[in-house]
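Residue numbers (the working numbering): 1 to 161. Just so it is clear, CB atoms sit at the ideal spot from N, CA and C, and this is done for glycine as well. Single-structure report; data block below.
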């Protein structure tokens, strides 16, 4: 019986490798021309990636004339999908105005990130990874109920934190 439990635990750990499923992630909104002095850094929210929508951000109140645009974020094992259920407009223009997803890990989590053009209506061209963080720049782009962004990610075999 114990041997079966150990094998099940090992298999569960192997299933988590190469996936975002089961990982802790903090999602925040940042706006800056200089990373060290942001115009806006929204309150981060931390969840464990699982089934369904992970984040449904709402406005937080103006900070320096800026506020969070309502966004829904669903994280799948190898994909991240964003949509804008309410409102429409254009994102403030800055060197970076967008989203940061910080996954709890010390290793380089993302081997590759690519916009899925077939599932995206937003012309996002600037997405990059740093260790366990993923940056998505939507500066100057239009948003609204028809706007979507789908990112396919290849996840490294980083241990779960």
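Pairwise C-alpha distance: residue 148 and residue 137: Numbered from its first residue, the chain shown carries residue 137 at position 137. Numbered from its first residue, the chain shown carries residue 148 at position 148. Straight-line spacing of the CA atoms in residue 137 and residue 148 works out to 14 Å.
Quick one: what's got a C-beta closer than 6 Å to residue 30's C-beta in the same chain, skipping five residues either side? For the purposes of this step, residue 30 is identified with residue 30 of the chain shown, where counting begins at 1. Around residue 30: 38, 41, 100.
Given residue 103, which residues of its chain have a CB within under 6 Å of its CB, disregarding the five upstream and five downstream residues? Locating residue 103 in the chain shown gives position 103, counting from the first residue. 23, 25, 109, 132, listed in sequence order.
Between the alpha carbons of residue 56 and residue 43, how many angstroms are there, rounded? Counting from 1 along the chain shown, the entry for residue 56 is found at position 56. Counting from 1 along the chain shown, the entry for residue 43 is found at position 43. So the alpha carbons of these two residues sit roughly 13 Å apart.
Rounded to a whole number of angstroms, what is the C-alpha to C-alpha distance between residue 88 and residue 142? Indexing the chain shown from 1 puts residue 88 at position 88. Indexing the chain shown from 1 puts residue 142 at position 142. Answer to the nearest angstrom: the Cα atoms are 7 Å apart.
Going by beta-carbon coordinates alone, are residue 78 and residue 33 separated by less than 8 Å? The residue labelled residue 78 in the question sits at position 78 within the chain shown. The residue labelled residue 33 in the question sits at position 33 within the chain shown. It is not a contact, given that the beta carbons lie outside the stated cut-off.
Mapping DSSP to helix, strand and coil, what is residue 153? Position 153 of the chain shown holds residue 153. Residue 153: strand per DSSP, three-state reduction.
Taking residue 63 as the reference, give the member of 74, 154, 92 with the closest Cα. Residue numbering aside, residue 63 sits at position 63 when the chain shown is read from its first letter. For residue 63, the nearest C-alpha among the options comes from 92.
Cross-strand partners of residue 90 (DSSP beta bridge): As a position in the chain shown, residue 90 is number 90, starting the count at 1. Answer is 142, bridged to residue 90.
To test your reading of the DSSP string, which unbroken beta strand (DSSP E) runs of 3 or more residues are found completely within the stretch 20-103? List check, beta strand (DSSP E) in window: 24-32, 45-48, 55-57, 71-76, 79-83, 96-103.
Tell me whether residue 134 sits in a helix, a strand or coil according to DSSP, three-state version. Sequence index remark: in the chain shown, residue 134 carries index 134 (1-based). The DSSP-derived three-state label of residue 134 is strand.
Grouping DSSP H, G and I as helix and E and B as strand, with all else coil, what is residue 108? Position 108 of the chain shown, counted from the start, is the residue given in the question as residue 108. Three-state DSSP puts residue 108 in coil, outside helix and strand.
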